[in-house]
Amino acid sequence: MDCSRLFERFFGQLSQPQQQPAFMEKQLGVITDQPVRSAQDAASEFIDILRTAEKGAMDLERRLKNIVTVNSWTEELAKYILQGVEALVRHRDTIGQIVRGAMDKSTDAAESIFEFAKDHPVFVTIIAIGILIIIAPWVLEALGFGELGPVADTFASWWQARYVGYVPKGSLFSFFQRLGMVWK
Numbered sequence: 002m003d004c005s006r007l008f009e010r011f012f013g014q015l016s017q018p019q020q021q022p023a024f025m026e027k028q029l030g031v032i033t034d035q036p037v038r039s040a041q042d043a044a045s046e047f048i049d050i051l052r053t054a055e056k057g058a059m060d061l062e063r064r065l066k067n068i069v070t071v072n073s074w075t076e077e078l079a080k081y082i083l084q085g086v087e088a089l090v091r092h093r094d095t096i097g098q099i100v101r102g103a104m105d106k107s108t109d110a111a112e113s114i115f116e117f118a119k120d121h122p123v124f125v126t127i128i129a130i131g132i133l134i135i136i137a138p139w140v141l142e143a144l145g146f147g148e149l150g151p152v153a154d155t156f157a158s159w160w161q162a163r164y165v166g167y168v169p170k171g172s173l174f175s176f177f178q179r180l181g182m183v184w185k
């Protein structure tokens, strides 16, 4: 998932860029279009608001949406914001109450997950195997094991060429090729 889709899900759907003068949306008090500024400036202001936020929920959301409008999300902006959030985490003593609370909850959740994994290794192994089973068809396809045989110019075609036309029955290559042909 690319960064823009992540922010779409986090802050709402993105729409196509429009060239209109800046105006305020009266219902939410959110600027929906504004003059373009550099991604670094927008990210810096975004991080400053997170760092100093004392109120959460609607007020914080409105302030952040006024900085980064729906049409201005870019991968570069997302990278700058991510770097800023990483800096906030490293310099915990400079953050406001809202971000500190969110950070504490995230830390507690991560610690409980790792503790659970330590306490229940068999359960975690079963989950990992389930994930591998789900993604195996995609991995086989990415390696070039297609429904009709090895796909040209892929790892699978290179591997098959090593057999010089004769692929032994029961070989690992034939096993993967069979999976690629029937497993979807």
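Throughout the sequence shown, residue numbering follows my numbering, covering 2 to 185 in sequence. Every residue gets a Cβ at the ideal spot worked out from N, C-alpha and C, and that includes glycine.
Discussion item. Considering only their Cβ atoms, is the gap separating L149 from G181 smaller than 7 Å?
Written reply: no
Worksheet item: Is the Cβ-Cβ distance between V69 and A40 less than 7 Å?
Response: no
Discussion item. Taking its Cβ as the centre, do 16 or more other Cβ atoms sit within 10 Å of Q178, making it buried, or is it exposed?
Written reply: buried
Item to complete: Using three-state DSSP, classify V168 as helix, strand or coil.
Response: coil
Worksheet entry | Chain-order list of residues whose beta-carbon lies under 6 Å from that of K27 (same chain, five-residue window excluded) | Residue confidence for K27 is low, a pLDDT of 48 falling below 50, so the modelled location carries little weight and cannot support an answer.
Worksheet entry | Integer-rounded CB distance, given that F47 should sit under 8 Å from I82 | 6 Å
Discussion item. Between the alpha carbons of D154 and V165, how many angstroms are there, rounded?
Written reply: 16 Å
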